[in-house]
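In the UniProt record's numbering, the protein residues as written are 1 to 233. Data first, discussion second: the structure below is written as structure tokens.
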Amino acid sequence: MIRARDIVKEYIDGDGTRVRVLDGLSLDVASGDFVAVVGSSGSGKSTLLHLLGGLDVHYAGEVEVGGVKLRGLKDQALARFRNTHVGFVFQSFHLIPNLSAVENVLLPAHFGPVTAEARKRAEFLLDRVGLLAKKAREPVRLSGGERQRVAIARALFTGPKVLLCDEPTGNLDAATGEGVIQLFEELHREGLTVLAVTHEERMRSAARRVLRLKEGRLLEEPGAERPSVGGVP
Ligand SMILES: Nc1ncnc2c1ncn2[C@@H]1O[C@H](COP(=O)(O)OP(=O)(O)OP(=O)(O)O)[C@@H](O)[C@H]1O
Ligand SMILES: [Mg+2]
């Protein structure tokens, strides 16, 4: 589902020096996988998500998501890719404050006509994340966990192939975060591909694979729940 090869990403610092954040990084994520990406602050996790999601095109190397090669796509094609292939979930939710829960979920539909069918889908997704009863509330009248559920429903609206999440439980207390992690587990079981940057231990153990971003590359971390190989003579 995701294939990245030889990714090199540099930023130009304030004083003009080049800072290499991703240095020959490669990544393969199978369809339906649930992958956690960990790494220290500043290691390049958000940078990686942005280029996998087509939000940043200034890098060397190849990215392919859901069969679409991102290199060389024109603005319109890239916008279409973002709309059809990826859903983003952020630490700080990024909901529109003066829109109700259901209007926030409907937001992606506003690029075209908002049909009765679109409204039905938004309500279906709110129901899916357990919030249909609160569909008329604005974000300020929702808890943090509820806001993140609305943001997840919105990310799912266009039927993406991959959910890209940047510390989705970072602003939530442990109990609330747990509910959101369970939602990711359910979506994963339903076949969605999930790639989540996280500092959360619980999220790491929920994921099927854990990758550590270090010195510009990804290393596979042995999973705690994975059966150990060998050991018995
Ligand atoms: N627009 C930019 N210009 C220059 N440097 C940048 C820019 N964006 C990020 N960086 C630098 O690139 C590095 C990686 O940033 P990134 O945001 O990807 O880290 P991160 O792993 O997501 O960190 P955190 O866990 O704190 O969110 C950092 O050293 C950061 O300072
Ligand atoms: Mg980050």
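Using N, Cα and C, we set each Cβ at its ideal position, and we do this for glycine too. Everything numeric in this text was worked out from a predicted model, so none of it was measured.
message = Taking 7 Å as the cut-off, is the C-beta of Tyr11 nearer than that to any heavy atom in ligand 1?
response = Sequence index remark: in the sequence shown, residue 11 carries index 11 (1-based). For ligand 1, at least one heavy atom lies less than 7 Å from the Cβ of Tyr11.
query = Does the region 87-97 come close enough to the region 148-160 to have 3 or more Cβ pairs within less than 8 Å?
reply = When C-beta atoms of the region 87-97 are compared with those of the region 148-160, three or more pairs fall below 8 Å, so the two segments count as touching.
key: CA-to-CA distance, Asn83 to Leu51, given in whole angstroms   = What you label residue 51 is simply residue 51 of the sequence shown in a count that begins at 1. What you label residue 83 is simply residue 83 of the sequence shown in a count that begins at 1. Those two C-alpha atoms are separated by around 15 Å.
task = Please determine, among Val162, Leu164 and Pro168, the residue with the shortest C-alpha to C-alpha distance to Glu146.
result = Walking along the sequence shown from the start, residue 146 turns up at place 146. Among Val162, Leu164 and Pro168, the Cα nearest to that of Glu146 is on Pro168.
query = Comparing alpha-carbon positions, which option in Val29, Val57, His110 and Phe124 lies nearest Asp75?
reply = Residue mapping note: residue 75 aligns to position 75 of the sequence shown, counting from 1. Answer by Cα proximity: Val57.
inquiry  = In chain order, what are the residue ranges of uninterrupted alpha helix (DSSP H) at least 4 long that sit wholly in the region 42-101?
reply    = 45-52 and 75-85
query = Skipping 5 residues on each side, what residues in its chain have a beta carbon closer than 6 Å to that of Phe184?
reply = The residue labelled residue 184 in the question sits at position 184 within the sequence shown. Val194.
query = Taking the C-alpha atoms as reference points, what is the distance between Glu190 and Ala122?
reply = For the purposes of this step, residue 190 is taken as the residue at position 190 of the sequence shown. For the purposes of this step, residue 122 is taken as the residue at position 122 of the sequence shown. Taking the straight line joining both Cα atoms gives about 18 Å.
query = When we look at the beta-carbon of Gly53 and count the other beta-carbons within 10 Å, is it buried (16 or more) or exposed?
reply = As a working note, residue 53 is residue 53 in the sequence shown. Around the C-beta of Gly53, 16 or more other C-beta atoms lie within 10 Å, and the residue is accordingly described as buried.
request  = Flag Gly44 as yes when its Cβ comes closer than 7 Å to any non-hydrogen atom of ligand 1, and as no otherwise.
outcome  = For the purposes of this step, residue 44 is taken as residue 44 along the sequence shown, with counting starting at 1. Correct: Gly44 has its Cβ closer than 7 Å to ligand 1.
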